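Structure first, then comments.
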Amino acid sequence: MALRNIRIMGDPVLEKRCKEIREVTPRINELIDDMFDTMYEACGVGLAAPQVGILKRVVVIDTTGEDPHVLINPEILETAGEQTGPEGCLSLPGKTGIVTRPNYVKVRAYDRDMKEYELEGEELLARAIVHELEHLDGHMYVEKVEGELMNVAGSDSDTDEEDGSAVLDDHAASEEE
Ligand SMILES: [Zn+2]
C-alpha cells in the first residue's frame with residue numbers, strides 16, 4: 019500500500035489541464051493503485067490524479083466502498099436532472115459547500131486495459147463523476163458553491179493532533195499562531 023500526498027487547494031497543480039493517457043504503463047498502473055489506497059485512507063469517494071500531483075486524465079471513484087471505478091480519459095456523454103446538496107473535496111479538508119449537479123450522468127472512459135466502456139451514475143455517483151472530472155480541467159467545486167463554504171462539524175476521529183472535539187472553529191484557528 020502506497021499513499022501519496024494529497025495536494026491542497028492553492029497548489030498550482032490543481033489549476034492545470036491534465037493530459038490524455040495513451041498507454042497504461044506500469045507507472046500508470048502503480049499510480050492508479052496508489053490513488054485507490056490514498057482515497058480509501060482519506061475516506062474519500064473519488065480522487066483525481068492532479069490531487070496527487072500528476073497531470074494525467076485519470077480518476078478513481080468508489081461511492082460505496084465496494085464499487086471501484088477507474089476512469090481514464092473520461093468524457094461526459096449525457097447528463098439529466100438536478101441535485102442540490104453538500105459536497106466536499108479531499109483537497110480542501112474540513113470544508114463543505116452546497117453545489118447543484120446533474121442527478122444522472124453517463125460517461126465514456128477507458129479502463130486499465132484501455133478498453134472503452136460506459137458508466138452511468140445517479141445521485142452520489144453522478145456527483146462524484148462530475149466533481150472528479152472537473153479536477154482534470156483544473157477546476158474545484160468551490161467555484162460552484164452556492165452561498166458560503168462551511169466547516170464540517172466534528173472532524174475525523176483519527177486525526178491524532180487534535181483532541182477530538184469541535185476542532186474546526188475559531189479556537190482551532192487561533193492555535194495555529
Ligand atoms: Zn475534489
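Sequential numbering from 19 applies to the sequence shown in this note's numbering.
Glycine is no exception: its CB is placed at the ideal position from the N, C-alpha and C atoms.
As the structure is a computational prediction, the values presented were derived from the model and not from experiment.
query                                                                                                                                              : result
From the DSSP output, in three-state form, read off E33 for me.                                                                                    : helix
Determine, using beta carbons only, whether R22 and V63 come nearer to each other than 7 angstroms.                                                : no
Return the chain-ordered ranges of every alpha helix (DSSP H) run that is complete within the region 19-92 and spans a minimum of 4 residues.      : 44-59
Quick check on DSSP: helix, strand or coil for A127?                                                                                               : strand
Tell me where the beta strand (DSSP E) around V160 begins and ends.                                                                                : Element bounds for V160: n/a, residue is neither H nor E.
Let me check understanding here. Comparing Cα to Cα, which of D55, V148 and T81 lies closest to Y122?                                              : V148
Whose C-alpha, out of A60, M53, M57 and P68, is nearest the C-alpha of G28?                                                                        : P68
Indicate the three-state DSSP secondary structure (helix, strand or coil) for V170 in the structure shown.                                         : coil
Could you tell me if D155 is buried or exposed, where buried requires 16 or more neighbouring beta carbons within 10 angstroms of its beta carbon? : exposed
I'd like to confirm something about C36: is its beta-carbon nearer than 6 angstroms to some heavy atom of ligand 1, or not?                        : no
Bridge partners of L151, per DSSP?                                                                                                                 : In DSSP, L151 forms no bridge with anything.
To the nearest whole angstrom, what separates the beta carbons of E150 and I116, a pair I think is in contact under 8 angstroms?                   : Not really, about 18 angstroms apart at Cβ, beyond 8 angstroms.
Indicate, with yes or no, if ligand 1 has a heavy atom lying under 6 angstroms from the CB of C107.                                                : yes
Is any non-hydrogen atom of ligand 3 found closer than 6 angstroms to the C-beta of I24, if you look at the structure I gave you?                  : Among the ligands in the structure shown, ligand 3 does not appear; only ligand 1 can be found there.
I'd like to know whether the C-beta atoms of I90 and V125 end up nearer to each other than 7 angstroms.                                            : no
What is the DSSP secondary structure of L142, reduced to helix, strand or coil?                                                                    : helix
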